Structures are given as structure tokens and as C-alpha cells.
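**Q** Chains as they are written, first to last, in our numbering: chain P, 1 to 278; chain R, 1001 to 1278. Ideal Cβ placement from N, Cα and C applies to all residues, glycine included. The model shown is predicted, which means the values in this text are computed figures rather than measured ones.
There are 2 protein chains.
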Amino acid sequence: MKLLSSVQSFGGLQNQYEHVSATLNCTMQFSVFLPPQASDGHKVPVAYWLSGLTCTDQNFATKAGAQRVAAELGVAIVMPDTSPRGKGVPDDADKAYDFGLGAGFYVDATQTPWNAHYRMYSYIVEELPALLEANLPVSNKRAVFGHSMGGHGALTIALNNPGRYVSVSAFSPIVSPSQCPWGQKALGLYLGEDQAAWQRHDTVALIRAGAPQMPMLVDQGLADNFLAAQLKTELLEKALEETGYPAEIRYHPGYDHSYYFIATFIEDHLRFHARHLQ
Amino acid sequence: MKLLSSVQSFGGLQNQYEHVSATLNCTMQFSVFLPPQASDGHKVPVAYWLSGLTCTDQNFATKAGAQRVAAELGVAIVMPDTSPRGKGVPDDADKAYDFGLGAGFYVDATQTPWNAHYRMYSYIVEELPALLEANLPVSNKRAVFGHSMGGHGALTIALNNPGRYVSVSAFSPIVSPSQCPWGQKALGLYLGEDQAAWQRHDTVALIRAGAPQMPMLVDQGLADNFLAAQLKTELLEKALEETGYPAEIRYHPGYDHSYYFIATFIEDHLRFHARHLQ
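Written out as C-alpha cells, the structure reads:
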């Protein structure tokens, strides 16, 4: 991995790297915030942030205001891109924002032509942590969180890999891609029309199928334009209630789907994860 | 003035407006953060943030992380654009980033063709506060701060109008445009080659000419690529020392010219201004 830039922030370092991903079969960029506690080579725990549709590794880095609290808590934050990129990586036929580039949905595609590159699930779960734990002062104590499509990614990845993550949280997640237009389009194209293959990438389905309990926090704005048609938080709420799964869902009147919402509550998420990471 | 968007942030509102500016002879956009304390129509004090080269009203709004502390302190933040905009507004002949659009330098141009629109000094000092104090729950207790070209704008505007601002601060300001390439180009084109007209838009010259004392804080990163050739903080430091002007200049090892630097220390600036605004 190659360091592209390194900028000081709250006594830590906001770094951007590039590497050739064997999983995604392309060159990828990602960002990492290393808190000051990592400066002497001391290994710090890591929270993996998964971004939403259209984002790159930069959105959370520049807009969430997370570095202040991460620096205080001694937690690194890893910010991957949201899809494979570059020459030869196919995109949505209409270049739509909700599929293809910027919209990997954190699954391993099984359908052509997507399966040659779109393997964000394995990239996030396996390749990236292995790379970082070998090359940076970060430990294998991991949390995962994200926003919208990335909230879906965080929840499904955590529920499928409870031994690899100590806690999970999400802002405005797509809680059941099987039951919303964004998810139906993406999972249909990446995984095929047989919905049996979708179930392990659907938070509500995983909870109903008896996913193991782990610390879970979800924040949802009530002025979010995507809540009714795409996010459908009530489906998760119902699944949690009916299975007795002890997650916390918080609704916030007046807040929308933007990074202004994320910035407002990111401190709570970082403190939540830090309690479990330490 | 017309409200373009309104997003909830830290219990307050991050708003963007549009209005026809008589001073600038064009339609302008600006952003305002209204803290929760303004929600019942109670008038809150205001800090005017002046941005640097290439910026619009959005950079500080999305990247500085200022809303959290402003919401706590009950201070509104006004974020103007950095130049006139739109059809008929002339730009730099080579569309360079350091003159014309995005580079108003907070002066009233006297030279053609710039003097038909480039009057950011009067816009910031007079038109915008009058508009906001008549239409929003903000008081006439004002502070002014900014970054780079906007740090220059904040310092010169405050020193020329001590009765209108209770305090001033700057990140990485151009302290003496008369003595650096950015400033020489801009002031030469906007104000003409007679440097006598530049002096009231040059912080170092104003201090040396006996500008009245007011609370002043300046932060400068020591890894800032523009420090040696453009910002030249040492000229301000020397002028302050030699005139006995009691401002605070803080140097920060490792910090660059970016919003990561601003975000790291913005809380200090807001608390500094709040002490004087209240």
C-alpha cells in the first residue's frame, strides 16, 4: 500500500492510501484516521466506516467531524471506497447513482459482468483488515458502522461475522434491501433473481433467522426523504421486537439523510464503539 | 432573501439563502447556522466567517465542524461567498484561482471592469449584516473570522471597523497582501498600482499605522505550504511586537493549510469570540 497524503488533524493523522486489491481486481483508495495514541507504534482498535451511495473514501473524512472524538478515545477509523473503481470496472448501464460505481452494496457479486470486480463484502471483511493489521498500528479489535447503503453493509457484515466485530452501528441504514427499490435492483443484478441468495445480505432477514446478539445502535432521522420508500426502519424495529434482539434504535425528529445528521450524532457512535473496543 | 435549503444540525438549522445584492450587482448565495437558542425568535450574536480562495458558502458549512460548539454557545455563524458570481461578473483572464471568481479579497474595487461587481468589503461590512439583522433572529453583536484570504478579510475588516466587531480571529491569514504574490496581483488589479490605496487592506500596515486594539487571535500551521511565500505570519508578529499590540499568535507544528487544521482549532475560536460576544 502506498501513502498518497497525510494531514494532521486533532493531533492524529488523516491519511489516504492506494493499493492493488486482489479481491476487487483493481486499484483502490481508502482513508484512515490514526489517533495520536497510535503515533508510537502502539496498536489501537479500529472502527470501519462504510459509506453510502455515491460516496468515496473522502465524504466521511471531510464532513463527519469524527476525528475529534476518535483522537480523544484512541480509536482509528478506516474509510474504504464504496465500490471497485477504474478502467475495466463495469458501471450501471444508465450510469445511475444506485448501482455499479459508488454502489457496491457490500456483497460479493455472483453474476456476470459484476463478479469480476464487485466483491466489496470480502474486501471489507477480509482483505482490508488483513492489509491494515499487517501495515499500520491497528489491532484486530474491530467495530463497524456506516450510513445508508453503508449502514446496511455494517449491519449485515457484523451479523455475518460476530467474532470479527465487537459492536455495530448505523445511521439511516437500508434495513431490508429485499424490500426496497434500491436493494431489489442491486441484489438482483449482483446476486441474481433467486432471493434465497439475498437473505444473508438483509439485516431484517438475518435478525429473523436468529443472528447472534451483539451491541447494536441505529440512528434514524424523521425528516429523511428516503425513510418511507427505501430505509424502512420500522421493519427492523419489528424484527428486533419479535425476536427479542436487544438493539437500540433512536429516531430523531427534524433530521434528514445528510452528513449534518451524521455529524450531530457521530460522537455517540464513537463512544458506543469505544466502550466495546476497550 | 429566499431560503434555498434548511437542514437540522446539532439542534440548530444550517440554512442556505439567495438574495439580489445591490452592492455586488448580482445574485448571491450565503449560508447561516442558527443555533437552537435562536429558535424562539430570541436574537443571538453572530460570527461572520470569511472563506479563502476558491471557496463558496459551502466549504466551512460542511468541513469545519463548527456547528457543535456554536450550538452550545448560542452563536450564529454567517458564511458568505468569496466573490460576486453569475452572468456578467468578469473573471480572471486566465481563470486563475487567485483572482476574480472565488477571490474577491474583501476590497471594493476601484478599477474597471472589476468595480461594477467586486465590492466584497462593503458587502460584508454593510449590506449583509443589515439584511440579516432585519430578517433573521441575529443581533448586532458581531465577531469576524476567516481563513487565508478570508483571514486577511477578517483582520482588515475588523481593524477598519472596530465599533462594528467585538473580536477578530484568523486561521492562516495573508497578513500583508502588499508583500506577497497573491495580494500584489489582486490589490493591483482591484485597486490599481498606487500602493497607497492598498494600505487599509493590509493588516500589517494597519497595525503599524496605529489601528485600535481589539481582541485578536491568529492560528498558523507550521506545515502550511503557503506560509513562507504568501502568508508570512512573521511580518504580523513583528508588527505586533513593535507596536505593543496585544494579539495572540499561535503556531502549530505539523498542521497544514486545510480544513483539517481549521476543524482542529475552530472550537478555540468560537469560545474566544463567545467570551466577547456575551
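Quick test of your reading: G1102 of chain R and C1055 of chain R, contact by CB under 8 angstroms. State the CB separation rounded to the nearest angstrom.
**A** 7 angstroms
**Q** Classify H1042 of chain R as buried or exposed, calling it buried when 16 or more other Cβ atoms lie within 10 Å of its own Cβ.
**A** exposed
**Q** Is the separation between the beta-carbon of G1100 of chain R and that of D1092 of chain R shorter than 8 angstroms?
**A** Judged by their CB atoms, G1100 of chain R and D1092 of chain R are nearer to each other than the 8 angstroms cut-off.
**Q** What's the call for G1244 of chain R, buried or exposed, on a 16-neighbour Cβ count within 10 Å?
**A** That one is exposed.
**Q** If you check the beta carbons only, do L1222 of chain R and G1254 of chain R fall under 8 angstroms apart?
**A** yes
**Q** Measure the beta-carbon distance from S139 of chain P to P45 of chain P and round it to whole angstroms, keeping in mind my assumption that it falls under 8 angstroms.
**A** 5 angstroms
**Q** Of the choices P:R85, P:A134, P:A71 and P:G74, whose alpha-carbon is the least far from that of M1 of chain P?
**A** P:A134
**Q** Show which residues of chain P have a CB atom less than 7 angstroms away from the CB atom of Y1255 of chain R.
**A** Q8
**Q** Given this structure, state the Cα-to-Cα distance separating G74 of chain P from E1072 of chain R, to the nearest angstrom.
**A** 25 angstroms
**Q** Could one say the Cβ of R1068 of chain R lies closer than 8 angstroms to chain P's Cβ atoms, at least one of them?
**A** yes
**Q** Can you give me the C-alpha to C-alpha distance between P90 of chain P and W198 of chain P, rounded to a whole angstrom?
**A** 21 angstroms
**Q** Skipping 5 residues on each side, what residues in its chain have a beta carbon closer than 8 angstroms to that of N1161 of chain R?
**A** V1125, listed in sequence order.
**Q** Please confirm whether S1148 of chain R and L1235 of chain R have their CB atoms less than 8 angstroms apart.
**A** In this structure, L1235 of chain R does not lie closer than 8 angstroms to S1148 of chain R by Cβ.
**Q** If distances are taken between C-alpha atoms only, which option among P:H201, P:H19 and P:K185 comes closest to D94 of chain P?
**A** The candidate whose alpha carbon is nearest that of D94 of chain P is P:K185.
**Q** Could you have a look at D986 of chain R and say whether DSSP puts it in helix, strand or coil?
**A** Nothing about residue 986 of chain R can be reported from this structure: the residues present for chain R run from 1001 to 1278 only.
**Q** Quick check: the Cα distance between H19 of chain P and P84 of chain P, rounded to an integer number of angstroms?
**A** 12 angstroms
**Q** Secondary structure at K1141 of chain R, three-state DSSP: helix, strand or coil?
**A** strand
**Q** Mind reading off the beta-carbon distance from F265 of chain P to D219 of chain P? Whole number of angstroms is fine, and I expect it under 8 angstroms.
**A** 5 angstroms
**Q** Determine, using beta carbons only, whether A229 of chain P and G1065 of chain R come nearer to each other than 8 angstroms.
**A** no
**Q** Using a Cβ cut-off of 9 angstroms, which residues of the segment 1238-1267 of chain R contact any Cβ in chain P, in chain order?
**A** H1252, P1253, G1254, Y1255, D1256, S1258, Y1259, Y1260, F1261, A1263, T1264 and E1267
**Q** Assuming V78 of chain P and L155 of chain P make a contact with CB atoms under 8 angstroms, what is their CB distance in whole Å?
**A** At roughly 17 angstroms, the Cβ-Cβ gap does not stay under 8 angstroms, so V78 of chain P and L155 of chain P are not in contact.
**Q** By DSSP, does S1005 of chain R sit in helix, in strand, or in coil?
**A** strand
**Q** From L1003 of chain R to L1013 of chain R, what does the alpha carbon distance come to, in whole angstroms?
**A** 12 angstroms
**Q** Out of R:E1242, R:V1166 and R:Q1213, which one is the CA nearest neighbour of A1274 of chain R?
**A** R:V1166
**Q** Exposed or buried, which one is K87 of chain P when buried takes at least 16 other CB atoms within 10 Å?
**A** exposed
**Q** Listing by chain order, which chain R residues have their CB less than 9 angstroms from the CB of Q220 of chain P?
**A** Within 9 angstroms Cβ-Cβ: nothing; Q220 of chain P doesn't reach chain R, min ~13 angstroms.
**Q** Determine the direct distance from the alpha carbon of S9 of chain P to that of A1022 of chain R, and round the result to whole angstroms.
**A** 40 angstroms
**Q** Look at the alpha carbon of M120 of chain P and the alpha carbon of E237 of chain P, and state the distance between them as a whole number of angstroms.
**A** 27 angstroms
**Q** At 4 residues or longer, and completely inside the segment 1225-1256 of chain R: list those alpha helix (DSSP H) runs for me, N to C.
**A** 1233-1243
**Q** Using a Cβ-Cβ distance cut-off of 8 angstroms, determine whether K1141 of chain R contacts chain P.
**A** no
**Q** 8 angstroms is my cut-off, CB to CB: does T1062 of chain R come that close to chain P?
**A** Cβ-Cβ to chain P under 8 angstroms: yes for T1062 of chain R.
**Q** So if DSSP puts H1019 of chain R in a beta bridge, which residue, or which two residues, is it bridged to?
**A** R:M1028
**Q** Please report the straight-line C-alpha distance between P1035 of chain R and A205 of chain P, rounded to a whole angstrom.
**A** 41 angstroms
**Q** Between Q14 of chain P and chain R, is there a C-beta pair that is closer than 8 angstroms?
**A** yes
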